[in-house]
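Visitor: These protein sequence lines are chains Z and P, in that order.
Counting in this note's numbering, the first sequence runs from 5 upward without gaps.
Counting in this note's numbering, the second sequence runs from 8 upward without gaps.
Structure provided below as structure tokens; questions to follow.
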Amino acid sequence: EPEVTQTPSHQVTQMGQEVILRCVPISNHLYFYWYRQILGQKVEFLVSFYNNEISEKSEIFDDQFSVERPDGSNFTLKIRSTKLEDSAMYFCASSETEGGRQFFGPGTRLTVL
Amino acid sequence: GQQLNQSPQSMFIQEGEDVSMNCTSSSIFNTWLWYKQDPGEGPVLLIALYKAGELTSNGRLTAQFGITRKDSFLNISASIPSDVGIYFCAGLDLYNQGGKLIFGQGTELSVKP
Numbered sequence: 005e006p007e008v009t010q011t012p013s014h015q016v017t018q019m020g021q022e023v024i025l026r027c028v029p030i031s032n033h034l035y036f037y038w039y040r041q042i043l044g045q046k047v048e049f050l051v052s053f054y055n056n057e058i059s060e061k062s063e064i065f066d067d068q069f070s071v072e073r074p075d076g077s078n079f080t081l082k083i084r085s086t087k088l089e090d091s092a093m094y095f096c097a098s099s100e101t102e103g104g105r106q107f108f109g110p111g112t113r114l115t116v117l
Numbered sequence: 008g009q010q011l012n013q014s015p016q017s018m019f020i021q022e023g024e025d026v027s028m029n030c031t032s033s034s035i036f037n038t039w040l041w042y043k044q045d046p047g048e049g050p051v052l053l054i055a056l057y058k059a060g061e062l063t064s065n066g067r068l069t070a071q072f073g074i075t076r077k078d079s080f081l082n083i084s085a086s087i088p089s090d091v092g093i094y095f096c097a098g099l100d101l102y103n104q105g106g107k108l109i110f111g112q113g114t115e116l117s118v119k120p
């Protein structure tokens, strides 16, 4: 069964540092997403990406965030200058079509000190 | 923005009992998804619903897309200990918000053997 993979599983960083979270979506999927989940809270949408462009982004996804598909398989989320409140689980998801089922990766736990 | 209210927030049941949880929205969705999340892991897709009135089963799980398109429920029959986890509903308004999933707050299920 194809699945979404994410690395690293846990990232600890100092406030102000840049982090890059990596995802490998399911291979025949065309739509990619990042979500985050602060501990004990619901999952929140950050951004969707299709055809090398951002399709939608939430108000959380400010200028400190960026996404990239650097090659045919990876999809990355970069946070330029991390803040304490960026500490959360970050989930990558992918779908075959825009309204189709979204499959989530196992997440990266980001801890900002 | 769109809000999803999921209830109940938590449930403590005996093994073998049936469980029901639901989500209501302030506005219409055209897709409802139900996910299960275990601690420290990503959401796992259980059921996807695409049409108002649709009733879909996946083993002991049954979910329905409400006629008004503003609600959905998930039933689990004959619960077992491995059903323990947090269940999230998620709605998608494809025509107005693309692939952005809006998540409910989750229902935490505990099953006593």
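Note that the Cβ used here is the ideal one computed from N, Cα and C, for glycine as well.
Taking only the alpha-carbon atoms, compute the straight-line gap between Thr112 of chain Z and Lys82 of chain Z and give it to the nearest angstrom.
Guide: Those two C-alpha atoms are separated by around 13 Å.
Visitor: Got a sec: which bits of the segment 81-108 of chain P sit with their beta carbon under 7 Å from any beta carbon on chain Z, in order along the chain?
Guide: The residues in question are Phe95, Leu99, Leu101, Gln104, Gly105, Gly106, Lys107, Leu108.
Visitor: Thinking Ile42 of chain Z and Ala92 of chain Z are a contact (beta carbons under 8 Å), I'd like their distance in whole angstroms, please.
Guide: Rounded, the Cβ-Cβ distance is 5 Å, consistent with contact.
Visitor: Looking at chain P, which residues of the segment 31-46 of chain Z have a Cβ within less than 7 Å of any of its Cβ atoms?
Guide: Within the segment 31-46 of chain Z, the qualifying residues are Tyr35, Tyr37, Lys46.
Visitor: Along the segment 58-70 of chain Z, where does the CB come closer than 8 Å to a CB of chain P? Name the residues.
Guide: Flagged, chain order: Ser59, Glu60, Ser62.
Visitor: Pro6 of chain Z and Phe79 of chain Z look like a contact to me (Cβ under 8 Å); what is the Cβ gap, rounded to whole Å?
Guide: So it is not a contact: roughly 15 Å between Cβ atoms.
Visitor: Taking only three categories from DSSP, how would you classify Asn78 of chain Z?
Guide: It is coil, neither helix nor strand.
Visitor: For Pro110 of chain Z and Ser13 of chain Z, which I take to be in contact (beta-carbon distance under 8 Å), what is that distance rounded to the nearest angstrom?
Guide: With 8 Å as the limit, Pro110 of chain Z and Ser13 of chain Z qualify as a contact, their Cβ atoms being about 7 Å apart.
Visitor: Which residues in the same chain have their Cβ closer than 7 Å to the Cβ of Met19 of chain Z, if we skip the five residues on either side of it in sequence?
Guide: Counting only Cβ-Cβ distances below 7 Å, and skipping sequence neighbours, we find Thr86, Lys87, Leu88, Val116, Leu117.
Visitor: Measure from the C-beta of Phe79 of chain Z to each C-beta in chain B and report whether the shortest distance is under 9 Å.
Guide: This model lacks chain B altogether; the protein chains it does include are Z and P.
Visitor: Short check: CB of Phe53 of chain Z to CB of Ser62 of chain Z, under 9 Å?
Guide: Going by C-beta atoms, Phe53 of chain Z is not nearer than 9 Å to Ser62 of chain Z.
Visitor: Looking only at its chain, what residues have a beta carbon closer than 6 Å to the beta carbon of Gln21 of chain P, apart from the 5 residues adjacent to it on each side?
Guide: The residues are Lys119.
Visitor: Determine the contact status of Asp25 of chain P and Ala85 of chain P, defining contact as a CB-CB distance below 9 Å.
Guide: Contact: yes.
Visitor: Tell me which residues of the segment 100-112 of chain Z have at least one Cβ-Cβ distance to chain P shorter than 7 Å, keeping chain order.
Guide: The residues in question are Glu102, Gly103, Arg105, Gln106, Phe107, Phe108, Gly109, Pro110, Gly111.
Visitor: Tell me where the alpha helix (DSSP H) around Gln6 of chain P begins and ends.
Guide: Residue coverage of chain P in this structure runs from 8 to 120, which leaves residue 6 of chain P outside it and unanswerable.
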